[in-house]
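K.L.:
Read in order, the letters of the sequence shown are residues 192 to 436 in the numbering used here. No residue lacks a Cβ here, since even glycine has one placed at the ideal position from N, Cα and C. Shown below is the structure under consideration.
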Amino acid sequence: MYFFFHLLTGLILGLILADLLRDRRWILPCALGSILPDLIDKPLGHLLLAQSLGYGRIYAHTLLFFILLILAGITLWKYKKSVFCMGLAAGVLSHEVLDQMWNLPKNWYWPLLGPFQGRLREDYWLVLIQRELENPVEAGIAISLCAGAALYLFSRERIMKSDTGRAMVKSALLLAAIALLIFSGIVLGTALTGEPLKVPGMTGTGDAVLGGMVLALASFLLWRYYDRIPAGPGVKANRGQKRRP
192 MYFFFHLLTG LILGLILADL LRDRRWILPC ALGSILPDLI DKPLGHLLLA QSLGYGRIYA
252 HTLLFFILLI LAGITLWKYK KSVFCMGLAA GVLSHEVLDQ MWNLPKNWYW PLLGPFQGRL
312 REDYWLVLIQ RELENPVEAG IAISLCAGAA LYLFSRERIM KSDTGRAMVK SALLLAAIAL
372 LIFSGIVLGT ALTGEPLKVP GMTGTGDAVL GGMVLALASF LLWRYYDRIP AGPGVKANRG
432 QKRRP
């Protein structure tokens, strides 16, 4: 999977956990954890250890790394009541699942099955940048994330104070939820028939199934937010309610 799809998955996971556990502290570490393996392993494997390893799915893509984060998270929660490391672990696990690390058992179960397995590519960084720039799905996700963050940070209060603004947000959320649900159904349906839809970044059946599941979760999350916004006058009535993500 690609960078922004990993980030989108971690953000969705963090928002769902924040919603279920009523704790917004999960959002940032889940999002960070979803891209952390690549932030660590790609520079490490393709730059610092290029001659000895030359591969970008090494230490931070292992189950051992995830387990260490879980143990650190349990300790941090016990003494500081912090969910940061637990959120990082959840994000890291989502990254490893999307990368289907079970297809690289020597790397995923390292060091149990021996040294890392991979191959060195001299033009790796050029190919990586080119693939990101040529992928329309990545571009769409990046633009959507930036636009959503900008609206939330700079215009949320102003938009949500008016009935018209809330109606527009509800309509946008509903349309996006329906579109994502339909698209996820198409992706999953074609994948399960053995002829996955040709979506950039989803090159095989496993990619398509996992990608479709992420899109379905995104649709569910948008529906949750749609259902939570009052349709008409009611801002004052909701002021006393506990804020949720």
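#1: Rounded to the nearest angstrom, what separates L336 and L365 at their Cα positions?
#2: Among residues of its own chain, excluding the 5 on either side of G247, which ones have a beta-carbon nearer than 6 Å to its beta-carbon?
#3: Span of the alpha helix (DSSP H) holding E287?
#4: Mark E329 as exposed unless 16 or more other C-beta atoms lie within 10 angstroms of its C-beta, in which case mark it buried.
#5: Quick test of your reading: G401 and V288, contact by CB under 8 Å. State the CB separation rounded to the nearest angstrom.
#6: Would you be able to state if there are at least three C-beta pairs under 8 Å between the region 277 to 288 and the region 247 to 266?
#7: Since L260 and V283 are thought to touch, with beta carbons under 8 Å apart, how far apart are those beta carbons, to the nearest angstrom?
#8: Within 10 angstroms of the Cβ of W293, are there 16 or more other Cβ atoms? Answer buried if so, exposed if not.
#9: Under a Cβ-count criterion, where at least 16 other Cβ atoms within 10 Å of its own Cβ denotes burial, should A368 be classed as buried or exposed?
#10: Counting C-beta neighbours from all protein chains within 10 Å, is the total for R310 16 or more, i.e. buried, or is it exposed?
#11: Where I203 and M192 are concerned, what is the direct C-alpha to C-alpha distance, given to the nearest angstrom?
#12: At which residues does the alpha helix (DSSP H) containing H197 begin and terminate?
#13: Return the chain-ordered list of same chain residues with a C-beta closer than 6 Å to the C-beta of K361, the five sequence neighbours on each side being excluded.
#14: At what residues does the alpha helix (DSSP H) containing K271 begin and finish?
#15: Suppose the cutoff is 6 Å on Cβ atoms and the five residues either side in sequence are ignored; what does the same chain contact list for L279 look like?
#16: Just verifying my parser: in three-state terms, what is the DSSP assignment at N429?
#17: Report yes if the C-beta distance between L438 and G403 is below 8 Å; otherwise report no.
#18: What is the DSSP secondary structure of R322, reduced to helix, strand or coil?
#19: How many whole angstroms separate the CB atoms of A370 and L388, which I take to be in contact at a CB cut-off of 8 Å?
P.N.:
The relevant details are as follows:
#1: 17 Å
#2: D232, K233, G236, H237
#3: 275 to 289
#4: buried
#5: It should be pointed out that residue 401 corresponds to Leu in this sequence rather than to Gly. Yes, L401 and V288 are in contact; Cβ-Cβ is about 7 Å, under 8 Å.
#6: yes
#7: 6 Å
#8: With fewer than 16 other CB atoms across the displayed protein chains lying within 10 angstroms of its CB, W293 is exposed.
#9: buried
#10: exposed
#11: 16 Å
#12: 194 to 212
#13: Y417, I420
#14: 254 to 271
#15: Here the set comprises P220, G224, L260.
#16: Because N429 sits at a pLDDT of 45, beneath the cut-off of 50, its placement in the model cannot be relied upon, and the point is left open.
#17: With the chain covering only 192 through 436, there is no way to say anything about residue 438.
#18: Annotated three-state conformation of R322 is helix, per DSSP.
#19: Not quite, the Cβ-Cβ distance comes to about 15 Å (not below 8 Å), so this is no contact.
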